Each structure stands twice: as structure tokens, then as C-alpha cells.
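Here's the structure, in C-alpha cells; my notes come after.
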Amino acid sequence: MKKLLVLVTALIISAGAYAQIESPVRWSYAAKKVNDKEAIVFLKATIQSGWHIYSQTGKDGGPIKTSFEFSPSKLYTPVGKTTEPTPVTKFEKSFNMNVSYFEKEVVFSQKISLKSPKATAVTGKLTYMTCNDMKCLPPEDVDFTIPLGK
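Residue numbers (my numbering): 573 to 722.
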């Protein structure tokens, strides 16, 4: 019985340690209504010091690019591609190539065509990968809902 108790305790402790998953990126969202027919949504990544996320552009064989998928809707439609500021581009040994990334924070923006006054929010999913000088975390998918305001 004592061995079982020790085993259960060890499992609980290891499960607790495993549950402390690193999250070096925090996402926040905002929107600006330009007029009744157009809005711009902003997706901001705040990145812990020493970490970075990758640009939407990049060569195959490199890191997972940041990407945005907007949910299909009869109320709105994305116009063009999601834009980003100019990233840092450097050679990364782990990928054996030049890669483009963002540190500290980055704001992506997407123009949205509003098809109806009933459009109150834009929804979708973003995917990104985070790395530092020592390791990369697995790519992460984040669902988002961005209220459009009035």
C-alpha cells in the first residue's frame, strides 16, 4: 500500500510539473470601424523577452509561419492579405536558413468588408510558432473573436 501511495504521489507531482507549459506569447485584439462598409481588425502578439514568433512569409523547410484563417461569414469578408510590419531577418542555425521573425510585440492587421450592419464580430483561428535561442515550442492554434464595436 505504501508503494502505491508513493507511486500516486510521484504521478501527481510529475503531472503538475508537466501542466506548467510555457506560454511566452499573449494575444490581444482590437477593431476599428472605418465606415458602415469597412473595418480593420488588429491582432497583437506580446512576446516575452528572449522569444520570437515568425513572419507570415518564409521559405519551405523553415519554421511554421504565423497564419490567420478568418471564419466564413455572410456578414463580412476579409479583403486582401493580413498585413504585418517589416520583420527582423537573420540566419538561424536550427533551420540552416535565413528566417524572418518578430520580438517583443507585433501587430498584424486585416481589412474587413462588412456585408451587413448585423456584423458585430470577426472570428477565426491563428497559428504561430515560438522559439528562443535554445528551443522551439510546438506550433499553437488560437481561436479568436474580435468585436467590431459601433
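Each residue gets a CB set at the ideal place from its N, CA and C atoms; glycine is no exception.
Values in this document were obtained by computation on a predicted structure and should not be read as measured data.
Quiz item: Considering only the beta carbon of each residue, do I636 and Y648 sit closer than 9 Å?
Solution: Locating residue 636 in the sequence shown gives position 64, where the first residue counts as 1. Locating residue 648 in the sequence shown gives position 76, where the first residue counts as 1. No, Cβ-Cβ distance for I636 and Y648 is not below 9 Å.
Self-check item: With 16 other Cβ atoms within 10 Å as the buried cut-off, status of S600
Solution: Reading the sequence shown from its first residue, position 28 is the one you call residue 600. The residue in question, S600, is exposed, as its Cβ has fewer than 16 Cβ neighbours within 10 Å.
Quiz prompt | Alpha carbon of T658 to alpha carbon of G652, nearest angstrom | solution = Position 86 of the sequence shown, counting from 1, holds the residue named residue 658. Position 80 of the sequence shown, counting from 1, holds the residue named residue 652. If I take the Cα positions, the gap works out to 18 Å.
Quiz item: Per DSSP, what kind of secondary structure is F642 in: helix, strand or coil?
Solution: Within the sequence shown, residue 642 is the residue found at index 70, counting from 1. Correct three-state label for F642: strand.
Exercise. Using the Cα positions of P711 and M701, report the straight-line distance between them to the nearest angstrom.
Key: Residue 711 sits at position 139 when you count from the first residue of the sequence shown. Residue 701 sits at position 129 when you count from the first residue of the sequence shown. Computed Cα separation, rounded: 4 Å.
Quiz item: Do L698 and L720 have their C-beta atoms closer together than 9 Å?
Solution: Reading the sequence shown from its first residue, position 126 is the one you call residue 698. Reading the sequence shown from its first residue, position 148 is the one you call residue 720. Going by C-beta atoms, L698 is not nearer than 9 Å to L720.
Quiz item: Counting only runs that start and end within the region 609-693, where is the alpha helix (DSSP H) found for 4 or more residues in a row?
Solution: none
Exercise. Measure from the alpha carbon of S595 to the alpha carbon of each residue in Q628, A617 and F640, then state which is nearest.
Key: For the purposes of this step, residue 595 is taken as residue 23 along the sequence shown, with counting starting at 1. The shortest C-alpha separation from S595 is found at A617.
Quiz item: Rounded to a whole number of angstroms, what is the C-alpha to C-alpha distance between T661 and A691?
Solution: Position 89 of the sequence shown, counting from 1, holds the residue named residue 661. Position 119 of the sequence shown, counting from 1, holds the residue named residue 691. So the two alpha carbons sit approximately 38 Å from each other.
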